[in-house]
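Colleague:
Chains as they are written, first to last, in the working numbering: chain B, 8 to 563; chain W, 8 to 563.
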């Protein structure tokens, strides 16, 4: 306060810039004084031990990702921090349920430890749905007691996305017990409207990030939900949802990336990409930046973050313009972000694979030849469709039929070497030869394999066991490319640029193999997620999500 | 949730009305279903055991007073609840520092008990400044431990207005210790701007209700303060502040009455009067109602109050129009507000007067005849001015001079029978004969007396001792009128209409005695409040508020 009074010099004074007030959503011509990592004053004439010239620049609060899974970046947390801090994201609210599925609650405690010293603020929500449904097989379920233990820790804000929305709506005791653990509960309610939406809200759910249309988002906001506008690799919903902001203002809206792949971060950025797109689409920059910072902090009840005002943490961006939103400089707690030292990864985090070996026979499907249920992949959406198709047959065997774009899909349990394999068919993929597989397969992260050749499928799955998890492509009986993800089978220990280079090359390879699906690895990674409609596949079999039950491959 | 799903009938369905969504600030044509006192659904087609026809009506959330002192209504809490519920106020955030000054912390615990069963929701802030300054003499100071004890109780939201803003800005340990007790701290910063405002905010203060100009309120909001627009009997700031809403939107703004006299409530209403005025001045009704409900709940971190949405408490108003805002019906927790039984008052609350008897000589002032400091009362403001005037003399005595509108003012200590009397002069009052006195004299609530006749002043003060406190008028050597306020010397046990009738008659009597000051009892009750500039009087003497020190009557 002595600094604010002008009696002592500040640690740093940012001079000459235009500062965003998120409280009036306008630019103030004022200096900003920092002491002990916090803004202590906004006004003229402050002196500091250091001075930062922000003439002709805009100064905005650091951006906050309101809902995301770090694991989807495929980067270790230190490298993730380097990547997004450069884009102006200074805090994220992470649901670590990928780690929790693979490593149990110990994985979440490890994440909290691994992020404790980062200049990126990593808030955590206690994962609520491990497994996401009874149809998935994680290493072990996350128990109510374990959630409560997490909620007692620093930086844990509330209960993470309640993905089992049918269970909540039905009033299932287990789900309501989770909701009762905290006052702040994130939702996950794709397509939910009307009475079911009312019931979900009456249970105490506060936010949603799954709206895909303006009308759906508007209904949710009218009923009191915080709307987390999403721009994920597999679900680019931002432009569709922006009318909500343009017609009803930015209140109760913030931005989230949910699941964003490395290429998206490298090529377009992070939350700053959402600000850029929103402004390009006609949202006022002041509104877009406020949604990207303060509104996210408010939505999660994070005090003293997301604004340039006395008492707030001095996380801020120096911007050259209000078009590009790539920061010239990022300050975290009042200091320019410097080099981030590597965070060590313990051996147990690096040895998560435990799959039984498979052979080509493991992927054989037999049947009568009647109509089968086929998963129709939808580009850039997490939703899938269901088609009912007459399968190609080979005697009693039902086989892939690349000519009709029917590929085989399988999920191999990989936590307890049970040898369990769920099998089915998918379309709108385009694969003409070989197979590809990944241990990134939401949410249980068993091995998901797509292929038109059973031997190549087996080759992929077995190779993943050898390299500690990752992504591989095989054709003609040999592995063609691979990206190891040894950290829980989810994250690389390589730099972002290298991860991006390899994934890009592998996507190009899939293109050569006929794949027409954009972002195929991300798209495929959601085909095992049994809580997003319509038809999914887990190691337990095909899941009819709207009716929340396992269904046989053959119809009727 | 079964009701929200439509599987079970609601307790009540409000049908056919237009419902305010505070989240989009628009009207929805929808039914509203209530179960267990909460809104469980908003939408079409719900069935209930009871139905309320709201056709052609507007349905809004119950109004919330964001900062107030119940004691200023001069009503016992049950009668206050009857009065404001009828106007649509369903919750108040009360700082009970008047009771705390008179009764100690026991008075606050009593208030919590006395309001526990009311259909009006009474939230409490832990009074932070008892006494308001070292220049005032309450029964006993409220200690840090007592504040912490209060903060542990249900319905206590945070630390009440930190009136000792100079102490906070100076970084005094005692004041910072109070701020450290809670995350949510109300401010009180009349006229505070620039560096001092920055320092006050850096200490962690969250709100302010003392702004009197648009520019001041704008500066405070830009820096992150919640702006509680005030419309008190002694400080009608609303119209002056409305440009903040019209130019910058309703975010971070809400309404408060602070200190509102009975006549104001009877004649104009409560928070609904502020909504009415705001709308008449051009604010959108949706914005005004949102400020009057949801925004106040957000500002105080009150969950599940102030909105018509699933999970929110079913406090709501049925309105016939968007002009008058006098509700046709008020529902609290989903039920029409019925008769409120009387709340008993214990004997110790009724016996707070302990003043030493005074005589005319107690009010004699002697001096040299040099310039004296005179309190200039400012109509409809809590601020006063200071004038320096040559006094009228009578030998060594300095006397009142009605011809020049110079009246005597005195404050008689009344908690510990110390016999201490602070004396001075005031102008812009108009009194031509006699005297009047009150035990409502913020914040210590000692006896404040204004008069042009020392004997009448003594008569008034002694009479207040006899009736347990209240307001009296004397002239020509006898008591002319009185309103007993036996509850802590602050509140009546009569109905609002009777309190209003008596006060109106007494104000008329003062008018006959020459008084030109509007709302004279309220105005006078702030002349002893040593934390609002410029010049005030306590039992300890004249207080120069900007310099925060006692000053002698005579200049230099």
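The C-beta atom is built at its ideal place from N, Cα and C for all residues, glycine as well. As the structure is a prediction and not an experimental result, all values here were calculated from the model.
#1: Compare the Cα-Cα distances from residue 423/W to each of 352/W, 357/W, 109/W, 58/W and report the closest residue.
#2: Using the three-state DSSP reduction, which class does residue 103/W fall into: helix, strand or coil?
#3: Roughly how far, in whole angstroms, is the beta-carbon of residue 546/W from the beta-carbon of residue 377/W, given that I think they are within contact range, below 8 Å?
#4: Let me know the secondary structure DSSP gives residue 193/W once reduced to three states.
#5: From the DSSP output, in three-state form, read off residue 152/B for me.
#6: Just to confirm the assignment, what range does the beta strand (DSSP E) spanning residue 339/B have?
#7: Compare the Cα-Cα distances from residue 271/W to each of 177/W, 298/W, 240/W, 252/W and report the closest residue.
#8: Measuring only between beta-carbons, confirm whether residue 172/W sits less than 8 Å from chain B.
#9: Considering only their Cβ atoms, is the gap separating residue 134/B from residue 103/B smaller than 8 Å?
#10: On a CA-only basis, which of 361/W, 385/W, 510/W, 35/W is nearest residue 468/W? Give me that one, please.
#11: Ignoring anything shorter than 3 residues or poking outside the stretch 422-459 of chain W, list the beta strand (DSSP E) runs there in chain order.
#12: Do you know offhand how far residue 164/B's Cα is from residue 151/B's?
#13: In chain W, which residues lie less than 7 Å from residue 49/B when you measure between Cβ atoms?
#14: Nearest to residue 562/W by CA position, among 194/W, 505/W, 431/W, is which residue?
#15: Spell out the partners DSSP gives residue 262/W in its beta bridges.
#16: Could you give the residue range of the alpha helix (DSSP H) that holds residue 1/B?
#17: I need the DSSP call for residue 523/W, collapsed to helix, strand or coil.
#18: Go to residue 124/W, then tell me how far its beta strand (DSSP E) extends in each direction, as first and last residue.
#19: Which one of 365/B, 521/B, 379/B has the shortest CA to CA distance from residue 436/B?
#20: Please list the segments of the alpha helix (DSSP H) lying wholly inside the stretch 277-339 of chain B, counting only runs of 4 or more residues, in order along the chain.
#21: Please state if the CB of residue 286/W and the CB of residue 338/W are separated by a distance shorter than 8 Å.
#22: How big is the Cα-Cα spacing for residue 556/B and residue 385/B?
#23: According to DSSP, simplified to helix, strand and coil, what is residue 573/B?
#24: Per DSSP, what kind of secondary structure is residue 245/W in: helix, strand or coil?
#25: In the stretch 43-122 of chain W, which residue ranges form an unbroken beta strand (DSSP E) of at least 3 residues, counting only runs that do not cross its ends?
#26: Closer than 8 Å, CB to CB, is residue 258/W near chain B or not?
#27: Could you say if the stretch 156-175 of chain B and the stretch 88-104 of chain B meet the contact criterion of at least three C-beta pairs nearer than 8 Å?
#28: With a threshold of 8 Å between beta carbons, is residue 542/B in contact with chain W?
#29: If you draw a straight line from the alpha carbon of residue 554/B to that of residue 537/B, how long is it in whole angstroms?
#30: Does the beta carbon of residue 31/B come closer than 8 Å to any beta carbon on chain W?
#31: Does DSSP put residue 28/B in a helix, a strand or coil?
#32: Could you have a look at residue 255/B and say whether DSSP puts it in helix, strand or coil?
#33: Rounded to whole angstroms, what is the Cα-Cα separation between residue 255/W and residue 34/B?
#34: What does the alpha-carbon distance come out to for the pair residue 516/W and residue 454/W?
#35: Does the structure place the stretch 58-70 of chain B close enough to the stretch 319-326 of chain B that three or more beta carbon pairs sit under 8 Å?
#36: Using the beta-carbon count (16 or more within 10 Å), is residue 31/B buried or exposed?
Modeller: With the given structure in hand:
#1: Along the second chain, one-based indexing puts residue 423/W at 416. When only C-alpha atoms are compared, the closest one is 109/W.
#2: Along the second chain, read from residue 1 onward, the residue named residue 103/W stands at position 96. In this structure, residue 103/W counts as coil in the three-state DSSP scheme.
#3: For the purposes of this step, residue 546/W is taken as the residue at position 539 of the second chain. For the purposes of this step, residue 377/W is taken as the residue at position 370 of the second chain. Not a contact, Cβ separation roughly 24 Å.
#4: As a first step, residue 193/W is located in the second chain; it is residue number 186 there, counting from the start. Three-state DSSP puts residue 193/W in a strand.
#5: Position 145 of the first chain, counted from the first residue, corresponds to residue 152/B. The answer is helix: DSSP assigns residue 152/B an H, G or I state.
#6: Here residue 339/B refers to the residue found at position 332 of the first chain. Counting along the chain, the beta strand (DSSP E) containing residue 339/B begins and ends at 336-339.
#7: Working through the second chain from its first residue, we reach residue 271/W at position 264. In terms of CA proximity to residue 271/W, 240/W leads the group 177/W, 298/W, 240/W, 252/W.
#8: Taking the second chain and counting its residues from 1, the one referred to as residue 172/W is at position 165. Not closer than 8 Å to any Cβ of chain B, the Cβ of residue 172/W fails to qualify, so no.
#9: Counting from one through the first chain, the residue named residue 103/B turns up at place 96. Counting from one through the first chain, the residue named residue 134/B turns up at place 127. The Cβ atoms of residue 103/B and residue 134/B lie closer than 8 Å to each other.
#10: Here the question's residue 468/W lines up with position 461 in the second chain. With distances taken between Cα atoms, residue 468/W lies closest to 361/W.
#11: 428-434, 442-445, 454-458
#12: For the purposes of this step, residue 164/B is identified with residue 157 of the first chain, where counting begins at 1. For the purposes of this step, residue 151/B is identified with residue 144 of the first chain, where counting begins at 1. The alpha-carbon atoms of residue 164/B and residue 151/B are separated by roughly 16 Å.
#13: Numbered from its first residue, the first chain carries residue 49/B at position 42. 205, 230, listed in chain order.
#14: The residue labelled residue 562/W in the question sits at position 555 within the second chain. Among 194/W, 505/W, 431/W, the Cα nearest to that of residue 562/W is on 431/W.
#15: Taking the first residue of the second chain as position 1, residue 262/W is located at position 255. According to DSSP, which records beta bridges pairwise, residue 262/W is partnered with 236/W.
#16: Nothing in the structure corresponds to residue 1/B, since chain B is present only between 8 and 563.
#17: Residue mapping note: residue 523/W aligns to position 516 of the second chain, counting from 1. Correct three-state label for residue 523/W: coil.
#18: On the second chain, residue 124/W is found 117 positions in, with the first residue counted as 1. Careful: residue 124/W lies outside any beta strand (DSSP E) and carries neither H nor E.
#19: Taking the first residue of the first chain as 1, we reach residue 436/B at position 429. Residue 521/B is the option with its Cα nearest to residue 436/B.
#20: Counting only unbroken stretches of 4 or more residues, the alpha helix (DSSP H) elements lying wholly within the stretch 277-339 of chain B are 278-287, 292-298, 301-306, in sequence order.
#21: Taking the second chain and counting its residues from 1, the one referred to as residue 338/W is at position 331. Taking the second chain and counting its residues from 1, the one referred to as residue 286/W is at position 279. Contact: no.
#22: Locating residue 556/B in the first chain gives position 549, counting from the first residue. Locating residue 385/B in the first chain gives position 378, counting from the first residue. Roughly 21 Å between the two C-alpha positions.
#23: With chain B running from 8 to 563 in the structure shown, residue 573/B is simply not present.
#24: Residue mapping note: residue 245/W aligns to position 238 of the second chain, counting from 1. Here DSSP, grouped into helix, strand and coil, assigns residue 245/W to helix.
#25: 45-50, 55-60, 65-68, 70-75, 96-101
#26: In the second chain, residue 258/W corresponds to position 251, counting from 1. Yes, contact with chain B.
#27: yes
#28: On the first chain, residue 542/B is found 535 positions in, with the first residue counted as 1. For residue 542/B, the answer is no, since every Cβ of chain W falls outside 8 Å of its Cβ.
#29: If you number the first chain from 1, residue 554/B lands on position 547. If you number the first chain from 1, residue 537/B lands on position 530. Near 11 Å, if we compare the C-alpha coordinates of residue 537/B and residue 554/B.
#30: In the first chain, the residue the question calls residue 31/B occupies position 24. Chain W contact via Cβ: present.
#31: Here residue 28/B refers to the residue found at position 21 when the first chain is read from its first residue. In the structure shown, residue 28/B sits in a strand (DSSP, three-state: E or B).
#32: For the purposes of this step, residue 255/B is taken as the residue at position 248 of the first chain. The answer is helix: DSSP assigns residue 255/B an H, G or I state.
#33: The residue given as residue 255/W occupies position 248 in the second chain. The residue given as residue 34/B occupies position 27 in the first chain. Taking the straight line from one Cα to the other gives about 12 Å.
#34: Along the second chain, read from residue 1 onward, the residue named residue 516/W stands at position 509. Along the second chain, read from residue 1 onward, the residue named residue 454/W stands at position 447. Computed Cα separation, rounded: 20 Å.
#35: yes
#36: As a first step, residue 31/B is located in the first chain; it is residue number 24 there, counting from the start. Counting of Cβ neighbours within 10 angstroms places residue 31/B among the buried residues, the total reaching 16 or more.
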